[in-house]
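Asks: The sequence shown begins at 123 in my numbering and counts up one residue at a time. I'd like to ask some things about the structure below.
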Amino acid sequence: MTDKNSTHDMVKKAYGEVAKKNTSCGCGPSSGASCCSTDKSYIIEDHIIPESEMGLSCGNPLAFSMIKKGDTVIDLGSGGGKDVFMTAEIVGSEGRSIGIDMTHEMLELANKNALKFTEKTGLKNVEFREGYIEKLPVDDNFADAVISNCVINLATDKQAVFNEIYRSLKNGGNMIVSDIVLEKPLSEEMKNSESLYSACVSGALLRDQYLKCIENAGFKNIKILSDKKYGVTQVGNDPITGEVKDELKDCASSITITAQKFIFTCGCYGKC
Ligand SMILES: C[S@@+](CC[C@H](N)C(=O)[O-])C[C@H]1O[C@@H](n2cnc3c(N)ncnc32)[C@H](O)[C@@H]1O
Numbered sequence: 123m124t125d126k127n128s129t130h131d132m133v134k135k136a137y138g139e140v141a142k143k144n145t146s147c148g149c150g151p152s153s154g155a156s157c158c159s160t161d162k163s164y165i166i167e168d169h170i171i172p173e174s175e176m177g178l179s180c181g182n183p184l185a186f187s188m189i190k191k192g193d194t195v196i197d198l199g200s201g202g203g204k205d206v207f208m209t210a211e212i213v214g215s216e217g218r219s220i221g222i223d224m225t226h227e228m229l230e231l232a233n234k235n236a237l238k239f240t241e242k243t244g245l246k247n248v249e250f251r252e253g254y255i256e257k258l259p260v261d262d263n264f265a266d267a268v269i270s271n272c273v274i275n276l277a278t279d280k281q282a283v284f285n286e287i288y289r290s291l292k293n294g295g296n297m298i299v300s301d302i303v304l305e306k307p308l309s310e311e312m313k314n315s316e317s318l319y320s321a322c323v324s325g326a327l328l329r330d331q332y333l334k335c336i337e338n339a340g341f342k343n344i345k346i347l348s349d350k351k352y353g354v355t356q357v358g359n360d361p362i363t364g365e366v367k368d369e370l371k372d373c374a375s376s377i378t379i380t381a382q383k384f385i386f387t388c389g390c391y392g393k394c
């Protein structure tokens, strides 16, 4: 899994198939992908656009009331657009909610959902952009907040993703991301499994490495907002993932973490 292009292609294929099926949860045995967990509390039953709730999340970055009316918010790996639509309702007509995804079929689905969203709410503050989260298609100092739900573990270069989040945030802006981290190193067999990668497990970093990447990017005020053991129910019908299912027990957690871009413009480094 060292070649970045082939990893992107593998993940695009897996999530492209999930988007095409557009079922309530992409973790059926034939889907070959999805970050589904045994914890169904991440599923938003009464979502304004039910088609955007695809059961692909591992947390709820919007549950901590850190997004305000009028904010510009970016969602990394927006999938069917679930969090983008919830954000759009919070920021209102003076704010903007922008989803970024690399999978063409997901963007197609999200754009269809956006039409329904505008019809239902009258809001036209939603946009989906095609791009990689390792190289965000947004200007410097653009967003008040960056969110993401179960995506960064799939990225080929996690440090690049956190550097990009930092670059795209305004000074004082917040990152709020839900993601999978590992609690122990995986066996070689698990590390090399394509199904486990698309299932958001084998691409995940160890918890300490993940926190270090955030710190290295320059973030301050790093806080874990929620922390749960992650139980993978379905990891495709690959014979390898089937065999390692027991080994997966207790090896990963789903965390929601916040951090702030904070640059001292007066040169006091926080002492004044
Ligand atoms: C597990 S799904 C999560 C979707 C959404 N955040 C949710 O909670 O419903 C992962 C999404 O991230 C996208 N993705 C994965 N790696 C990406 C990358 N490197 N750059 C951009 N999008 C990526 C996939 O296409 C897919 O739509």
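Heads up, the beta-carbon is just placed ideally off N, CA and C, and yes, glycines get one too. Owing to the predicted nature of the structure, the values given are computational and were not obtained by experimental measurement.
Rank M312, I336, N182, P259 by C-alpha distance to the C-alpha of V323 and give the top, closest one.
Replies: The residue labelled residue 323 in the question sits at position 201 within the sequence shown. For V323, the nearest C-alpha among the options comes from M312.
Asks: Excluding the five sequence neighbours on either side, which residues of its own chain have a C-beta within less than 7 Å of the C-beta of V260, listed in chain order?
Replies: As a first step, residue 260 is located in the sequence shown; it is residue number 138 there, counting from the start. For V260, where only same-chain residues beyond five positions count, the Cβ hits under 7 Å are I196, S290.
Asks: What does DSSP give as the partner residue(s) for G221 in the beta ladder?
Replies: One-based indexing of the sequence shown puts residue 221 at position 99. According to DSSP, which records beta bridges pairwise, G221 is partnered with D197, F250.
Asks: With DSSP run on the structure shown, which of helix, strand or coil describes V140?
Replies: Translated into the one-based positions of the sequence shown, residue 140 becomes position 18. Residue state, collapsed to three classes: helix.
Asks: Distance, Cα to Cα, G138 vs A282?
Replies: As a position in the sequence shown, residue 138 is number 16, starting the count at 1. As a position in the sequence shown, residue 282 is number 160, starting the count at 1. Cα-Cα distance, rounded: 24 Å.
Asks: My understanding is that M224 touches G253, with C-beta atoms under 8 Å, so please give their C-beta distance in whole angstroms.
Replies: Taking the sequence shown and counting its residues from 1, the one referred to as residue 224 is at position 102. Taking the sequence shown and counting its residues from 1, the one referred to as residue 253 is at position 131. Confirmed, Cβ separation roughly 7 Å.
Asks: S146 to F386, Cα distance in whole Å?
Replies: Locating residue 146 in the sequence shown gives position 24, where the first residue counts as 1. Locating residue 386 in the sequence shown gives position 264, where the first residue counts as 1. With a pLDDT of 40 at S146, under the threshold of 50, the modelled position of that residue is not reliable, and no figure is offered here.
Asks: In the DSSP assignment, the alpha helix (DSSP H) including L333 goes from what residue to what residue?
Replies: Here residue 333 refers to the residue found at position 211 of the sequence shown. Residues 329–338.
Asks: For ligand 1, any of its heavy atoms closer than 7 Å to the Cβ of E256?
Replies: On the sequence shown, position 134 is the one that residue 256 refers to. Because some heavy atom of ligand 1 lies under 7 Å away, the Cβ of E256 counts as near it: yes.
Asks: If you follow the beta strand (DSSP E) that L184 is part of, which residue opens it and which one closes it?
Replies: One-based indexing of the sequence shown puts residue 184 at position 62. Element bounds for L184: n/a, residue is neither H nor E.
Asks: Does the distance from the CB of V248 to the CB of F207 come in under 8 Å?
Replies: Taking the first residue of the sequence shown as position 1, residue 248 is located at position 126. Taking the first residue of the sequence shown as position 1, residue 207 is located at position 85. Yes, the Cβ-Cβ distance between V248 and F207 is below 8 Å.
Asks: Could you check if C335 is buried or exposed, using at least 16 other CB atoms within 10 Å of its CB as the buried criterion?
Replies: Start at 1 with the first residue of the sequence shown, and residue 335 comes out as number 213. It is buried - the Cβ of C335 has at least 16 other Cβ atoms within 10 Å.
Asks: May I ask you to verify whether the stretch 368–383 touches the stretch 288–307, counting CB pairs closer than 8 Å and requiring at least 3?
Replies: yes
Asks: Under three-state DSSP, which class holds D266?
Replies: Position 144 of the sequence shown holds residue 266. Residue state for D266 is assigned as strand, using DSSP reduced to three classes.
Asks: In the DSSP assignment, find the unbroken alpha helix (DSSP H) run with T378 in it and report its ends.
Replies: Indexing the sequence shown from 1 puts residue 378 at position 256. That residue, T378, is in no alpha helix (DSSP H); its beta strand (DSSP E) goes 374–382.
Asks: So, with DSSP's three-state summary, where would you put C149?
Replies: Mapped onto the sequence shown, residue 149 falls at position 27. Note that C149 scores 44 on pLDDT, short of 50, meaning its location in the model is unreliable and no value can be drawn from it.
Asks: Measure the C-alpha to C-alpha separation of N338 and I274 and round it to an integer number of angstroms.
Replies: For the purposes of this step, residue 338 is taken as the residue at position 216 of the sequence shown. For the purposes of this step, residue 274 is taken as the residue at position 152 of the sequence shown. Their Cα atoms are separated by approximately 16 Å.
Asks: For L347, is the beta carbon positioned less than 7 Å from some heavy atom of ligand 2?
Replies: Although ligand 2 was asked about, the structure shown includes only ligand 1 as ligands.
Asks: If we ignore side chains and look at the alpha-carbon of each, how far apart do S315 and S375 end up?
Replies: Sequence index remark: in the sequence shown, residue 315 carries index 193 (1-based). Sequence index remark: in the sequence shown, residue 375 carries index 253 (1-based). Here the alpha carbon of S315 sits roughly 19 Å from the alpha carbon of S375.
Asks: When the distance is taken between beta carbons, is S270 closer than 8 Å to A232?
Replies: Numbered from 1 along the sequence shown, position 110 holds the residue referred to as residue 232. Numbered from 1 along the sequence shown, position 148 holds the residue referred to as residue 270. No, Cβ-Cβ distance for A232 and S270 is not below 8 Å.
Asks: Less than 7 Å separating the Cβ of D223 from some heavy atom of ligand 1?
Replies: Counting from 1 along the sequence shown, the entry for residue 223 is found at position 101. Yes, ligand 1 has a heavy atom inside 7 Å of this Cβ.
Asks: For L327, count the other beta carbons within 10 Å of its own beta carbon; 16 or more makes it buried, fewer makes it exposed. Which is it?
Replies: Within the sequence shown, numbered from 1, the residue matching residue 327 stands at position 205. L327 is buried by the Cβ-count criterion.
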